[in-house]
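The sequence shown begins at 34 in our numbering and counts up one residue at a time.
Where a beta carbon is used, it is the ideal one built from N, C-alpha and C, also for glycine.
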Amino acid sequence: MSEFKPVRFVDVALEGQFWRERLETVLTRTIPSQHVQLGKQGVLLSLTLPNQSLPLSVPGNEHDSGQVLWDSDAGKWIEAASYALSHRRDPDIEAWIENIVDDLEKAQAPDGYLNCWYLQREPDKRWTNLRDNHELYNLGHLLEGGIAYFLATGRRRLLDILERYVDHVCKTFGPNPGQKRGYCGHQEIELALVKLYRLTGDRMHLDLAAYFMNERGRQPHYFDQEAVERGENPRDFRAKRYEYNQSHRPVREQTKVVGHAVRAMYMLSAMADLAAELNDDSLKKACEVLWADVISSKIYITSGLGPAAANEGFTEDHDLPNDTAYAETCASVGLIFWAHRMLHLELDGRYADVLEQALFNGALTGLSRDGERYFYSNPLESDGRRGRWAWHPCPCCTMNSSRLIASIGGYFVSASENAIAFHLYGGVSTNIQLATGNVFLRETSAYPFFGSIRIEVSPDAPAEFTINLRIPGWAHEAEASVGGCAVDVTACTRNGYLAISRLWNAGDTIALELPISPKRIYAHPSVKQDIGRVALKRGPLVYCVEEVDNPGGAVQQLKLPRDARIKTVERGDLFDGVVTLTASKTKSGETACTGMRPRSFRAAG
34 MSEFKPVRFV DVALEGQFWR ERLETVLTRT IPSQHVQLGK QGVLLSLTLP
84 NQSLPLSVPG NEHDSGQVLW DSDAGKWIEA ASYALSHRRD PDIEAWIENI
134 VDDLEKAQAP DGYLNCWYLQ REPDKRWTNL RDNHELYNLG HLLEGGIAYF
184 LATGRRRLLD ILERYVDHVC KTFGPNPGQK RGYCGHQEIE LALVKLYRLT
234 GDRMHLDLAA YFMNERGRQP HYFDQEAVER GENPRDFRAK RYEYNQSHRP
284 VREQTKVVGH AVRAMYMLSA MADLAAELND DSLKKACEVL WADVISSKIY
334 ITSGLGPAAA NEGFTEDHDL PNDTAYAETC ASVGLIFWAH RMLHLELDGR
384 YADVLEQALF NGALTGLSRD GERYFYSNPL ESDGRRGRWA WHPCPCCTMN
434 SSRLIASIGG YFVSASENAI AFHLYGGVST NIQLATGNVF LRETSAYPFF
484 GSIRIEVSPD APAEFTINLR IPGWAHEAEA SVGGCAVDVT ACTRNGYLAI
534 SRLWNAGDTI ALELPISPKR IYAHPSVKQD IGRVALKRGP LVYCVEEVDN
584 PGGAVQQLKL PRDARIKTVE RGDLFDGVVT LTASKTKSGE TACTGMRPRS
634 FRAAG
């Protein structure tokens, strides 16, 4: 297992334009506007009990009425808002959170149980439908919000409320007589419990997370048993197969990533967490097997996951249609969670490559530049009729986007006792405490548009340690130097990281040149939807073709012949500065695409 740990996002200052602008938008526009929407949609009202103004019927489908999920939406917003408070305190945001805490405190049952949907409607039926009704999922997101709020402000009232709820869950679930041997149909609680363990050091929280993971898929199947106890036929499960929620077999026996994509990513992220905390090689191996399955046959060039709307997830290998791609924003966010955790099981650039690709081309596309409109699904081809939502009946992607961007600094740098690792670039600074003392680092670049990177290294006193710099898989013939002296990149790079070990002095500077040029990318030949097609990437960015850049013809009819020369164009007038691509007439006289922009900056929607 790797000894590297992420440097917390609050200890990483975003100084480059690309990420500083997005962070500022989330802090000033996205989080306040989300709070307004939570009020408009009734989510905040649903936390005030008793409440006679909300319908009492059980939703037949959680996407027809998201009320069964609304506790989780409040939790995700609290988490995102708390990350904002970690950057700078805001009395309005704190007051909004405190109002929610007031409502949750009043709603909590004497035994610690806290699910506003059940407490309002069917308090006698709690824990009777773990398969569908998200009680533990809701707790997980509330718990992550409570932890984030405590870390941002030192206020622990919400955390205390949720720890009482966790104590109730510990008594309710387990292998002992009188306990339920269940687990949630939508994974999430496991991630939150690991975070709680890391905060409290209480082994009970880690053991409960491990129990839920180890119990999943055990026979006889718990979801069959609880359905019978409800007087239902297990065959009436709307998803029909337990592959949908990855409970078809024990997690260590799973070799294919199946079912609902977000549930799969959350489960795999928790598996990686538990592998690290428990030093469990069997969980690590299972993660590696399932990672290979996703990367080899189930991932779009944008790192989108899940081609099908029917199950919001996976189908068969190499089924990757473009126009009907579901590719839920939450799934890309979940992939980033998983890749980041795999990267800390083993420092390997293949995980960081996918993390970066998902970040720029999957997750970021889910949030508009003004910070107030969203994509839930992210098809790779559109006729222009699909626009962004001001909100969504199931608003999970909205807060997933904001909590990711508000904490993005935590994905840039990691450290061990005697080493530092840069995974992403884009203009950051941080102080890191090594065994040899404090080190200040400032990375300066115009990444992702340009690959000239400078890193200032200033230890408080001269010290020997290693700095690892990720060399992206697309960056062939990278060059590096320290203080003007060349570093042999090929000889010093292992698993995608250039390791520079030396005695460092204040003011030492690393120069890293990552060649960024347009590249044609061809799909696996088994992806029949992409036969005869090509995609373009420049650095980590996937490009798209839109009518706004190609007037006078349907973009679906444009061609990019193999001999067409692709040029880069700096556009200061577009989104305050991006690099676009153009292709002119070919030697044979064919007209190629005239303009392409990064997918994250597309005009559509």
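| Can you list, in chain order, the residues of its chain whose CB lies under 6 Å from that of R499, leaving out five sequence neighbours each side? | In the sequence as presented, Arg is not what sits at residue 499; that position holds Thr. Hits under 6 Å: A452, A532, S534.
Flag this pair as yes or no: are the beta carbons of V227 and E310 separated by less than 8 Å?
By the CB criterion at 8 Å, V227 and E310 fall inside the cutoff.
Assign S440 to one of two classes, buried (16 or more other C-beta atoms within 10 Å of its C-beta) or exposed (fewer than that). That one is buried.
*Quick one: Cα of E59 to Cα of V322, how far?*
For the sequence presented, residue 59 should be read as Val rather than Glu. Just so you know, the alpha carbons of V59 and V322 end up roughly 36 Å apart.
Worksheet entry | Local Cβ density within 10 Å of A342, reported as buried at 16 or more and exposed below that | The residue in question, A342, is exposed, as its Cβ has fewer than 16 Cβ neighbours within 10 Å.
inquiry  = Does the segment 208-226 come into contact with the segment 293-302, if we say contact requires no fewer than three beta-carbon pairs (one atom in each stretch) closer than 8 Å?
reply    = The segment 208-226 is in contact with the segment 293-302.
Taking three-plus beta-carbon pairs below 8 Å as touching, is the segment 333-350 in contact with the segment 374-385?
-> Output reads no: the segment 374-385 does not touch the segment 333-350.
| Do the segment 150-158 and the segment 198-214 meet, that is, are 3 or more Cβ pairs less than 8 Å apart? | Contact between the segment 150-158 and the segment 198-214 is not established, with fewer than three Cβ pairs separated by less than 8 Å.
Exercise. Could you name the residues that DSSP lists as bridge partners for Y576?
Key: Bridge partners of Y576: P631.
TODO: Would you kindly report the start and end of the unbroken beta strand (DSSP E) that includes D144?
DONE: Premise fails: D144 is in no beta strand (DSSP E) and is neither H nor E.
Report task. Just mark V261 as buried or exposed, buried being the case when its beta carbon has 16 or more other beta carbons within 10 Å. Result -> It counts as exposed.
My output table needs one value for N94: the three-state DSSP class, helix, strand or coil.
Summary for N94: the model assigns pLDDT 39, below 50, so the residue's position carries little reliability; its value from the coordinates is reported in the next sentence. In the structure shown, the three-state DSSP call for N94 is coil.
Which one or two residues does DSSP pair with Q466 in a beta bridge? Its beta-bridge partners are N471.
Contacts around V76, its chain only, beta-carbon distance under 7 Å, and the 5 residues preceding and following it disregarded: Within the same chain, Cβ atoms closer than 7 Å to the Cβ of V76 are found at W103, D106, A107, the five residues on either side in sequence being excluded.
Excluding the 5 residues flanking V611 on each side, which residues of the same chain have their C-beta closer than 7 Å to its C-beta? By the criterion of a C-beta distance shorter than 7 Å, V611 is surrounded in its chain by F482, R604, R630, P631, F634, once the five residues flanking it on both sides are discounted.
Measure the C-alpha to C-alpha separation of L591 and N583 and round it to an integer number of angstroms.
C-alpha separation (whole angstroms): 9 Å.
| query | When the Cα of T63 is compared with those of A597, N433, I328, C363, which residue comes out closest? | reply | Considering only alpha carbons, the answer is N433.
When burial is assigned at 16 or more other CB atoms within 10 Å of the CB, is A539 buried or exposed?
A539 is classed as exposed because its beta carbon has fewer than 16 other beta carbons within 10 Å across all chains shown.
- When the Cα atoms are used, what is the spatial distance from T431 to T61? Distance between the alpha carbons of T431 and T61 is about 15 Å.
Next on the checklist: Tell me the DSSP secondary structure of N344 in three-state form.
Outcome noted: The three-state secondary structure of N344, taken from DSSP, is coil.
(message) Check whether the segment 510-527 and the segment 564-571 touch, using three or more Cβ-Cβ pairs below 8 Å as the test.
(response) Counting Cβ pairs under 8 Å, fewer than three are found: no touch.
**Request:** Quick one: using the 10 Å Cβ neighbour count with 16 as the cut-off for buried, is T398 buried or exposed?
**Result:** Buried, by the Cβ-count rule.
Q.
Is it the case that the segment 129-146 contacts the segment 467-485, given that we only count it when at least three CB pairs across the two stretches are under 8 Å?
A. Two segments are said to touch when three or more pairs of C-beta atoms, one from each, lie closer than 8 Å; by this definition the segment 467-485 does not touch the segment 129-146.
*Under the DSSP definition of a beta bridge, which residues are partnered with I453?*
According to the DSSP secondary-structure assignment, I453 is paired through a beta bridge with A448, I500.
- Task: Note down the Cα distance separating R209 from G215, rounded to an integer number of angstroms.
- Result: The amino acid occupying residue 209 in the given sequence is Asn; Arg does not appear at that position. When rounded, the distance between both Cα atoms is 12 Å.
With 16 other Cβ atoms within 10 Å as the buried cut-off, status of R164: A residue is called buried once 16 or more other Cβ atoms fall within 10 Å of its Cβ, and R164 is buried on that count.
| request: Express the C-alpha separation of G506 and S329 in angstroms, rounding to a whole number. | output: Answer to the nearest angstrom: the Cα atoms are 16 Å apart.
Is the CB-CB distance between G459 and G49 below 8 Å?
-> The Cβ-Cβ distance between G459 and G49 falls below 8 Å.
| request: Might you give, ordered along the chain, the residues of its own chain that have their beta carbon closer than 6 Å to the beta carbon of A267, omitting 5 neighbours on each side? | output: Per the sequence shown, residue 267 should be read as Pro rather than Ala. D257, A260, listed in sequence order.
For L607 and D314, I'd like the C-alpha separation in whole angstroms. C-alpha of L607 to C-alpha of D314: approximately 48 Å in a straight line.
Margin query: I need the straight-line Cα distance from A364 to V387, nearest angstrom please.
Written below: Taking the straight line joining both Cα atoms gives about 13 Å.
Exposed or buried, I564, counting other C-beta atoms within 10 Å across all chains shown (16 or more means buried)?
I564 comes out exposed.
Next item on the list: Kindly indicate which three-state DSSP category K289 falls into: helix, strand or coil?
Entry: K289 falls in the coil class under three-state DSSP.
Worksheet item: Leaving out five residues before and five after R53 in sequence, what residues of the same chain have Cβ atoms less than 8 Å from its Cβ?
Response: The beta carbon of R53 sits closer than 8 Å to those of L47, G460, all from its chain and outside the five residues before and after it, given in chain order.
Pair within 8 Å by beta-carbon distance, V446 and V40:
For V446 and V40, yes; Cβs fall inside 8 Å.
Would H509 be called buried (16 or more neighbouring beta carbons within 10 Å of its own) or exposed?
With fewer than 16 Cβ atoms within 10 Å of its Cβ, H509 is classed as exposed.
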